[in-house]
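Chemist: Read left to right, the sequence shown gives residues 693 to 857 (my numbering). Yeah, the Cβ is synthetic: ideal placement off N, Cα and C, and Gly gets one too. Let me give you the structure first, and then I'll get to my questions.
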Amino acid sequence: MLGEVNEGFRYAQVRLSPARLSHCMRWFGTVTRADEIARAYATTRKAFGKLLIDHEGVGFMLAENLIDLQQAALMIDWCAGVLDTGSAGTTESSMAKVAVSEALFRVADRCVQIMGGNGVSRDTIVEQAFRELRAFRIYDGPTEVHKWSLAKKIKRDTLGPSRHD
Ligand SMILES: Cc1cc2nc3c(=O)[nH]c(=O)nc-3n(C[C@H](O)[C@H](O)[C@H](O)COP(=O)(O)OP(=O)(O)OC[C@H]3O[C@@H](n4cnc5c(N)ncnc54)[C@H](O)[C@@H]3O)c2cc1C
693 MLGEVNEGFR
703 YAQVRLSPAR
713 LSHCMRWFGT
723 VTRADEIARA
733 YATTRKAFGK
743 LLIDHEGVGF
753 MLAENLIDLQ
763 QAALMIDWCA
773 GVLDTGSAGT
783 TESSMAKVAV
793 SEALFRVADR
803 CVQIMGGNGV
813 SRDTIVEQAF
823 RELRAFRIYD
833 GPTEVHKWSL
843 AKKIKRDTLG
853 PSRHD
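In structure tokens form, the structure reads like this:
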């Protein structure tokens, strides 16, 4: 037996925050690569007489990718900083998991859209990134469960520990 009797649940909890952040980091890398592929496509493929990126609808999607990726990077960095202090980072990792998984999914979805039919083929990793990011919004706690947990904390912080269910 590893550790003490009745301590298993507490030991298991320790890995939660770093594991969430590891997922955020590896999917950040994957989606960054998908964005590079979409950029390359949009800057070489022409439609209706000009490069895709020169069509505002596509250029704006790439701009939104840039913004979402930067916000995701900042959330990851912030949460890693909290964990580095030795804190369990429960609240911060919940916030980061929701923000990063939702932002990266939006980026992956735009990459598919920018690449048209190629985006849903298996010729590049863009399709895989989209599929993996869809699942990441569910595992390690669905977005709604993290928000539910954050709402419970907000209620506790506002009403005090004795006034929550
Ligand atoms: C690809 C993949 C890999 C996985 N890997 C692992 C793993 O390695 N280890 C592991 O233990 N599990 C793993 N899981 C399981 C994963 O953690 C669960 O799928 C997840 O917790 C959701 O549980 P559920 O599927 O039973 O959905 P349900 O509990 O039925 O929830 C369905 C939906 O209801 C909503 N919901 C649920 N509860 C609430 C709430 N309190 N408030 C508001 N909305 C709510 C959410 O939108 C949720 O997506 C994995 C799942 C997937 C898809």
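Which residue wins for smallest C-alpha separation from A791, given the options R725, R814, R829 and Q820?
Modeler: Along the sequence shown, one-based indexing puts residue 791 at 99. The candidate whose alpha carbon is nearest that of A791 is R829.
Chemist: If we count the other Cβ atoms within 10 Å of its Cβ and call it buried at 16 or more, is F720 buried or exposed?
Modeler: Here residue 720 is taken as the residue at index 28 of the sequence shown, counted from 1. The residue in question, F720, is buried, as its Cβ has 16 or more Cβ neighbours within 10 Å.
Chemist: I need the boundaries of the alpha helix (DSSP H) containing H838, first residue and last residue.
Modeler: For the purposes of this step, residue 838 is identified with residue 146 of the sequence shown, where counting begins at 1. Per DSSP, H838 belongs to the alpha helix (DSSP H) from T835 to L851.
Chemist: What is the DSSP secondary structure of L694, counted as helix, strand or coil?
Modeler: Mapped onto the sequence shown, residue 694 falls at position 2. Three-state DSSP puts L694 in coil, outside helix and strand.
Chemist: Contact between the segment 703-718 and the segment 770-778: three or more CB pairs below 8 Å?
Modeler: Touching, per the Cβ criterion.
Chemist: With DSSP run on the structure shown, which of helix, strand or coil describes A780?
Modeler: Numbered from 1 along the sequence shown, position 88 holds the residue referred to as residue 780. Note: A780 maps to coil in three-state DSSP.
Chemist: Please tell me whether C803 and A732 are closer than 7 Å, where the distance is taken between their beta carbons.
Modeler: The count along the sequence shown starts at 1 and reaches residue 803 at position 111. The count along the sequence shown starts at 1 and reaches residue 732 at position 40. No, the Cβ-Cβ distance between C803 and A732 is not below 7 Å.
Chemist: Does ligand 1 have a heavy atom nearer than 6 Å to the CB of W840?
Modeler: The sequence position of residue 840 within the sequence shown is 148, counting from 1. W840: yes, Cβ under 6 Å from ligand 1.
Chemist: Roughly how many angstroms lie between the CA atoms of E756 and T850, to the nearest whole one?
Modeler: Walking along the sequence shown from the start, residue 756 turns up at place 64. Walking along the sequence shown from the start, residue 850 turns up at place 158. Taking the straight line from one Cα to the other gives about 35 Å.
Chemist: Please classify S785: is it buried, with 16 or more other beta-carbons within 10 angstroms of its beta-carbon, or exposed?
Modeler: Walking along the sequence shown from the start, residue 785 turns up at place 93. If you draw a 10 Å sphere on the C-beta of S785, you find 16 or more other C-beta atoms in it, and that means buried.
Chemist: Assuming L713 is part of the alpha helix (DSSP H), what are its boundary residues?
Modeler: Taking the first residue of the sequence shown as 1, we reach residue 713 at position 21. Per DSSP, L713 belongs to the alpha helix (DSSP H) from L708 to A734.
Chemist: Just mark K742 as buried or exposed, buried being the case when its beta carbon has 16 or more other beta carbons within 10 Å.
Modeler: Within the sequence shown, residue 742 is the residue found at index 50, counting from 1. A residue is called buried once 16 or more other Cβ atoms fall within 10 Å of its Cβ, and K742, having fewer, is exposed.
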